[in-house]
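Numbering (the numbering used here), first residue to last: 353 to 493.
Positions of the beta carbon are idealized from the N, C-alpha and C atoms, including for glycine.
Remember, predicted model here, so these are calculated numbers, not experimental data.
Below is one structure; the comments refer to it alone.
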């Protein structure tokens with residue numbers, strides 16, 4: 353089997369790995385594999401081809417990964433649940449300092465916690481969302 357065919361197979365396999373992972377794991381070695389493939393068309397020395405593949409892949413990895421990861425930022429998926437922050441709710445179960453209670457906000461019931469005890473029926477403002485619980489404070493304090 354000709355050396356360029358081996359490099360073509362390697363490039364295709366690395367590209368398939370990159371497509372399935374989508375984490376920029378092998379893209380640099382796809383590029384260095386293409387370089388090694390081109391070199392194999394002119395030079396029969398396999399060690400030179402392999403050395404080019406490794407050195408070029410590592411250099412590309414070191415020099416371009418920090419730039420690309422900043423450029424292709426992992427975007428945080430926002431949900432519209434964040435919109436309840438700042439909304440007013442009604443305490444449906446008493447909230448104690450060390451015990452969760454329940455608040456109805458925007459027609460939905462939430463497990464809630466607060467820095468102070470808040471009695472059932474009081475109006476509260478949603479301060480933040482922590483996991484599946486909301487932090488609230490009594491309105492008028």
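Between the alpha carbons of residue 394 and residue 364 lies a gap of roughly 21 angstroms. Collapsing the DSSP output to three states places residue 441 in a strand.
One thing to note: residue 463 has its Cβ no nearer than 8 angstroms to the Cβ of residue 451. Secondary structure note for residue 372: its alpha helix (DSSP H) is the uninterrupted segment 355 to 373. Where residue 383 is concerned, the enclosing alpha helix (DSSP H) starts and stops at 379 to 394.
Around the beta carbon of residue 407, fewer than 16 other beta carbons lie within 10 angstroms, which makes this residue exposed.
Residue 371 and residue 387 have their C-alpha atoms spaced approximately 20 angstroms apart.
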